[in-house]
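From first to last, the protein sequence lines stand for chains L and A. The numbers in this note's numbering rise by one with no breaks, and the one at position 77 of the first sequence is 123. The numbers in this note's numbering rise by one with no breaks, and the one at position 132 of the second sequence is 178. Cβ atoms here follow ideal geometry from the backbone N, Cα and C, with glycine treated the same way.
2 protein chains.
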Amino acid sequence: MSNTDPFIATFQQWQDIFMHRSLRKFIHFARESGLSMSMIGTLFHLSKKGCAGVTDLGDHLGVTSAASSQMLERLVQQELILRTEDPIDRRVKQIVLTEKGHQVLDEGIRARQGWLDDLAETLSLEEKKLIKRALDIMINRANQLEGPIE
Amino acid sequence: MSNTDPFIATFQQWQDIFMHRSLRKFIHFARESGLSMSMIGTLFHLSKKGCAGVTDLGDHLGVTSAASSQMLERLVQQELILRTEDPIDRRVKQIVLTEKGHQVLDEGIRARQGWLDDLAETLSLEEKKLIKRALDIMINRANQLEGPIE
DNA sequence: CTAAATAGTTAAGCAGGCTAAATTATATAG
DNA sequence: CTATATAATTTAGCCTGCTTAACTATTTAG
Numbered sequence: 047m048s049n050t051d052p053f054i055a056t057f058q059q060w061q062d063i064f065m066h067r068s069l070r071k072f073i074h075f076a077r078e079s080g081l082s083m084s085m086i087g088t089l090f091h092l093s094k095k096g097c098a099g100v101t102d103l104g105d106h107l108g109v110t111s112a113a114s115s116q117m118l119e120r121l122v123q124q125e126l127i128l129r130t131e132d133p134i135d136r137r138v139k140q141i142v143l144t145e146k147g148h149q150v151l152d153e154g155i156r157a158r159q160g161w162l163d164d165l166a167e168t169l170s171l172e173e174k175k176l177i178k179r180a181l182d183i184m185i186n187r188a189n190q191l192e193g194p195i196e
Numbered sequence: 047m048s049n050t051d052p053f054i055a056t057f058q059q060w061q062d063i064f065m066h067r068s069l070r071k072f073i074h075f076a077r078e079s080g081l082s083m084s085m086i087g088t089l090f091h092l093s094k095k096g097c098a099g100v101t102d103l104g105d106h107l108g109v110t111s112a113a114s115s116q117m118l119e120r121l122v123q124q125e126l127i128l129r130t131e132d133p134i135d136r137r138v139k140q141i142v143l144t145e146k147g148h149q150v151l152d153e154g155i156r157a158r159q160g161w162l163d164d165l166a167e168t169l170s171l172e173e174k175k176l177i178k179r180a181l182d183i184m185i186n187r188a189n190q191l192e193g194p195i196e
């Protein structure tokens, strides 16, 4: 397990800092918005997938379709998702985010990132450019990773 | 709310990818290890702080000391933390991570990062160096941010 | 048309995580 | 010494999130 790649080592170090800074804000956001981890995971998944069925979403999180159905019912009541019948196969429901769902998700992202603004202020223009270049590379490659995020 | 700093914009983009990739693994890790978000947040906090009291840890997460006490009892039973009496003020308990606690935390970090190994493989040596330089800058600045993570 | 498979929902029950309130033990102020 | 404040725990109760099992509706295979 000795990963000697200094790139990976540095990344782990950064991730450690990142998690420590943002995990707590994330927990607070979840509590205040009344969303469970499963709900947040579902909203995230929907924001990428666009649309999914009840069982799909349950599988994605590793829970039964019954649990998924109950959780989605709560999200419908909170008006964060829309649940409509698939006109082609009327057994399945099509779940999509509402506008409000998108907004809540954005809030959650911003909640975890306040400290990054502070960090940005300590950076020179040169440094920002360097970091932006680095991030752009990673974003590109991550997008090409042929995403079976499952 | 129009944040025009391209650095911040890029960072948000990266964070979005990062969250989408790792949130699900994080949820699975939590379920499989039988740890709640509060527990994981507590372990994280202890790994940085080293030592804390019951009420401190509760405050950190925004729950009552009763809730904190109950959660810590479970962590003690799982042998992830050590709870000893403060010899100076015998009302307070000193909570620290056990070796096992550190290990579980590391697992959690690695669980969320498998895909980064894949990403690393798509990078040239040049690119890795560039990204490492960028991360090193951010790590440094983050550490200097005079940490009131609260 | 009938039988089997699939998608989703509902119901009952259990464990976890939280709260408020009461309790115990210790420390501090007057 | 006494009264008050503080740290932690225990208890009772509530709500959530999950499971399994039963049920409904629809599609697909023969």
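Contact check for Ala98 (chain L) and Ile155 (chain L): beta-carbon distance about 20 Å, past the 8 Å limit, so the pair fails to qualify. Under DSSP, the beta-bridge partners assigned to Val142 (chain L) are L:Leu128.
Just measuring C-alpha positions, the residue of A:Ser170, A:Glu145, A:Leu121, A:Ala166 sitting nearest Phe57 (chain L) is A:Ala166.
For Ser79 (chain A), the enclosing alpha helix (DSSP H) has its first and last residue at 52 to 79. In this structure, the alpha-carbon of Thr88 (chain A) lies about 8 Å from that of His106 (chain A). Residue range 83 to 95 is occupied by the alpha helix (DSSP H) that includes Thr88 (chain L).
Residue pairing of Ala98 (chain L) in beta bridges, as defined by DSSP: L:Ile141. The beta carbon of Thr144 (chain A) sits closer than 8 Å to the beta carbons of Glu125, Leu126, Ile127, Leu128 from its chain, once the five residues preceding and following it are set aside; these are given in chain order. Rounded to the nearest whole angstrom, the C-alpha separation of Val138 (chain A) and Arg67 (chain L) is 26 Å. Against chain L, the beta carbon of Ala76 (chain A) has neighbours under 8 Å at Met83, listed in chain order.
The straight-line gap separating the alpha-carbon atoms of Asp152 (chain L) and Ala188 (chain A) is approximately 23 Å.
Against chain L, the CB of Glu172 (chain A) has no partner CB under 7 Å away; the residue lies outside that interface.
Chain-ordered, the chain L residues with CB closer than 8 Å to the CB of His106 (chain A) read Arg70.
The shortest CA-to-CA distance from Gln123 (chain L) to any of L:Gly160, L:Glu172, L:Met85 is the one to L:Met85.
Nearest to Ile185 (chain L) by alpha-carbon distance, out of A:Ala55, A:Ile63, A:Ile54, A:Pro52, is A:Ile63. Shown here, Gly108 (chain L) sits in coil according to DSSP, grouped into three states, outside any helix or strand.
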